[in-house]
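What follows is a single structure, written as C-alpha cells, with notes after it.
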Amino acid sequence: MAYHLPNCSSLQVISFPVVQLHLNRTAMRASQKDFENAMNQVKLLKKDPGNEVKLKLYSLYKQATEGPCNMPKPGVFDLINKAKWDAWNALGSLPKETARQNYVDLVSSLSSSLESSSQVEPGTDRKSTGYETLMVTSEDGITKIMLNRPTKKNALNVEMYHEIMHALKAASKDDSAITVLTGNGDYYSSGNDLTNFTDIPPGGVEEKAKNGAILLREFVGCFIDFPKPLIAVVNGPAVGISVTLLGLFDAVYASDRATFHTPFSHLGQSPEGCSSYTFPKIMSPAKATEMLVFGKKLTAGEACAQGLVTEVFPDSTFQKEVWTRLKAFAKLPPNAMRISKEIIRNREKEKLHAVNAEECSVLQGRWLSDECMNAVVNFLSRKSKL
Ligand SMILES: CCCCC/C=C/C(=O)SCCNC(=O)CCNC(=O)[C@H](O)C(C)(C)COP(=O)(O)OP(=O)(O)OC[C@H]1O[C@@H](n2cnc3c(N)ncnc32)[C@H](O)[C@@H]1OP(=O)(O)O
1 MAYHLPNCSS
11 LQVISFPVVQ
21 LHLNRTAMRA
31 SQKDFENAMN
41 QVKLLKKDPG
51 NEVKLKLYSL
61 YKQATEGPCN
71 MPKPGVFDLI
81 NKAKWDAWNA
91 LGSLPKETAR
101 QNYVDLVSSL
111 SSSLESSSQV
121 EPGTDRKSTG
131 YETLMVTSED
141 GITKIMLNRP
151 TKKNALNVEM
161 YHEIMHALKA
171 ASKDDSAITV
181 LTGNGDYYSS
191 GNDLTNFTDI
201 PPGGVEEKAK
211 NGAILLREFV
221 GCFIDFPKPL
231 IAVVNGPAVG
241 ISVTLLGLFD
251 AVYASDRATF
261 HTPFSHLGQS
271 PEGCSSYTFP
281 KIMSPAKATE
291 MLVFGKKLTA
301 GEACAQGLVT
311 EVFPDSTFQK
321 EVWTRLKAFA
331 KLPPNAMRIS
341 KEIIRNREKE
351 KLHAVNAEEC
361 SVLQGRWLSD
371 ECMNAVVNFL
381 SRKSKL
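Residue numbers in the sequence shown follow the UniProt record's numbering, run continuously in steps of one, and reach 386 at the last position.
Structural data, given as C-alpha cells:
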C-alpha cells in the first residue's frame with residue numbers, strides 16, 4: 001500500500017489506502033451490500049472529513065473485514081502507519097458485524113453532514129490569485145497576503161511556505177507601498193503544519209530534517225530581507241512560527257481575541273524565526289524564556305505590554321480600525337518609507353541571517369529527536385493538543 005503520495009496533503013495520505021482497500025474487497029455477506037454502498041459513498045464525499053474521522057473509518061473497515069488487529073506495531077518514526085495501527089488496535093475484540101454496522105452508520109452521518117454543507121470551501125477563488133493556500137490582493141497601495149487554510153487554522157504546509165515566499169518576492173517588486181500578512185477565519189495561524197512531518201522521502205527522516213532546515217532558512221530569510229514596511233494583522237490566535245516571525249515585522253496589530261503561543265519545548269523543538277535573538281531584545285531575556293522555553297501563552301494585551309505587539313484593538317472594530325489606519329499609512333511616500341525601514345533594520349541584517357542559520361541547524365537535530373517525534377505522533381493520533 002502506498003502511504004505517501006508526493007505533493008499530497010496528509011488527508012489524501014490517509015484516505016487513499018482506505019479507498020484502495022475498499023475496492024479490493026469482493027466477499028459478499030448478508031449486510032455486505034450496505035457495507036459496499038458505504039464504501040462507495042466515502043469516495044463521493046465532497047468535503048474532507050478530517051484525519052480523525054478517516055482513521056475511524058480505516059479502523060472500522062479493518063475490523064469489519066479482518067477482525068481484531070493482528071499486525072506488528074509499526075516503529076515510532078512510521079507516523080502514518082502507527083496512527084492507523086493505534087486506531088485499529090483500539091477497537092479490541094469488537095465483533096466484525098458490529099464494526100461493519102458502525103462503518104455504515106458513520107458513513108451515513110458523514111454523507112448527510114458533509115454533502116449537504118452549503119459552506120463554500122475556502123480557497124475556491126484561488127484561480128483568481130494563482131495561489132492554493134493564500135489569497136493575495138493589491139489595492140489602495142497595500143498588498144495583502146492572507147493565509148487561507150481556515151479549516152486547518154491556517155497551519156503552514158510545505159506549499160504555503162513556498163507560496164508565502166513567492167508572494168513576498170512579488171510584493172517587494174510591485175507598486176504597493178506596504179505589505180500586510182493576515183489570516184482567514186478564526187485563527188491567524190496555528191504554526192507549522194504537523195503533518196509536514198509525515199511525508200518521509202526515500203532518504204528517510206535525516207533527509208526530511210535536512211530539507212526542512214533548508215526550507216525554513218530560505219523562508220525566514222525572505223522576511224529578514226523584505227524591503228518595504230511589513231505589517232502583521234493578527235486576527236486571532238497565533239502559534240509557533242507565526243509568532244516568532246513577528247519579531248521581523250515592522251508593526252504588529254492584534255485583535256484582543258489573539259493569543260501568542262510558542263510551545264517549542266512541548267513539541268521537543270527549539271525557537272526559530274530569529275526569535276532566539278529578537279525576543280530577548282524586544283521583551284527581556286527572562287520574558288523571552290517564559291515564552292520560548294516554557295511555552296507561556298500571552299494574551300494580546302500581554303504581548304503588547306512586552307513590545308511584541310504594537311497595538312491591540314477590540315475584535316468588534318478590529319478590521320475597520322486597522323484597515324483605516326493602514327490605508328492612511330499606504331498614502332505616505334513609498335520611497336521614504338522604504339529608505340527609513342532600511343536604516344532601521346539594515347545594520348541587523350547580517351546578524352539576523354547568522355541567527356537564522358544557527359536556529360535552523362539546531363532544529364534539524366531536534367526534528368530527529370524522540371521528544372519531537374513523540375509530540376508529533378501524539379498530535380496526529382489526537383492524544384494531545386496545545
Ligand atoms: C519546515 C518549517 C518548520 C518550522 C518550525 C515551526 C514550528 C512551529 O510552528 S511549532 C507549532 C506547531 N503547531 C502546533 O503544535 C499546533 C497544533 N494544533 C493544535 O494544537 C490545535 O489544532 C489548535 C490549538 C491550534 C486548535 O485547536 P481546536 O480549536 O480544537 O481545532 P482543531 O484541533 O480541531 O483544528 C482544526 C483542524 O485544523 C488542524 N490543525 C490545526 N493546527 C494544525 C497544525 N499545526 N498542523 C496540522 N493540522 C492542524 C487540525 O488537525 C484539525 O484538522 P481536522 O482534524 O482534519 O479537522
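Cβ coordinates follow ideal geometry from the N, Cα and C atoms, glycine included. Keep in mind the model is a prediction, meaning the values are calculated, not measured.
Is the region 194-201 in contact with the region 140-149, if contact means three or more CB pairs nearer than 8 Å?
no
Buried or exposed for residue 44, please, with buried defined as at least 16 other CB atoms from any protein chain shown within 10 angstroms of its CB.
exposed
Indicate the three-state DSSP secondary structure (helix, strand or coil) for residue 144 in the structure shown.
strand
Assign residue 357 to one of three DSSP states: helix, strand, or coil.
helix
Looking at residue 241 and ligand 1, is the gap between the Cβ and the nearest heavy atom below 8 Å?
yes
Hey, would you say the C-beta of residue 199 is under 8 Å away from at least one heavy atom of ligand 1?
It does not: the Cβ of residue 199 is nowhere closer than 8 Å to a heavy atom of ligand 1.
Output the distance between the C-alpha atoms of residue 359 and residue 270, rounded to the nearest integer angstrom.
8 Å
Going by DSSP, what residues sit across from residue 190 in a beta bridge?
Paired residue(s): none; residue 190 is not in a bridge.
Just checking my contact of residue 364 with residue 209 at CB under 8 Å: how many whole Å lie between their CB atoms?
5 Å
Compare the C-alpha of residue 104 against each of 64, 137, 337, 218 and name the closest.
64
My understanding is that residue 273 touches residue 244, with C-beta atoms under 8 Å, so please give their C-beta distance in whole angstroms.
3 Å
From the DSSP secondary-structure annotation, give me the bridge partner or partners of residue 261.
Note: residue 261 sits in a beta bridge opposite 239.
Quick one: grab the DSSP three-state call for residue 183.
strand
Heavy atom of ligand 1 less than 8 Å from the Cβ of residue 47, yes or no?
The answer is no for residue 47.
Cut-off 8 Å between Cβ atoms - residues of its own chain near residue 265, not counting five sequence neighbours on either side:
293, 294, 295
Express the C-alpha separation of residue 297 and residue 280 in angstroms, rounding to a whole number.
16 Å
Take the Cβ of residue 380 as the centre, count every other Cβ of all protein chains shown within 10 Å, and call the residue buried at 16 or more, exposed below.
buried
What separation, rounded to the nearest whole angstrom, lies between the Cα atoms of residue 101 and residue 57?
12 Å
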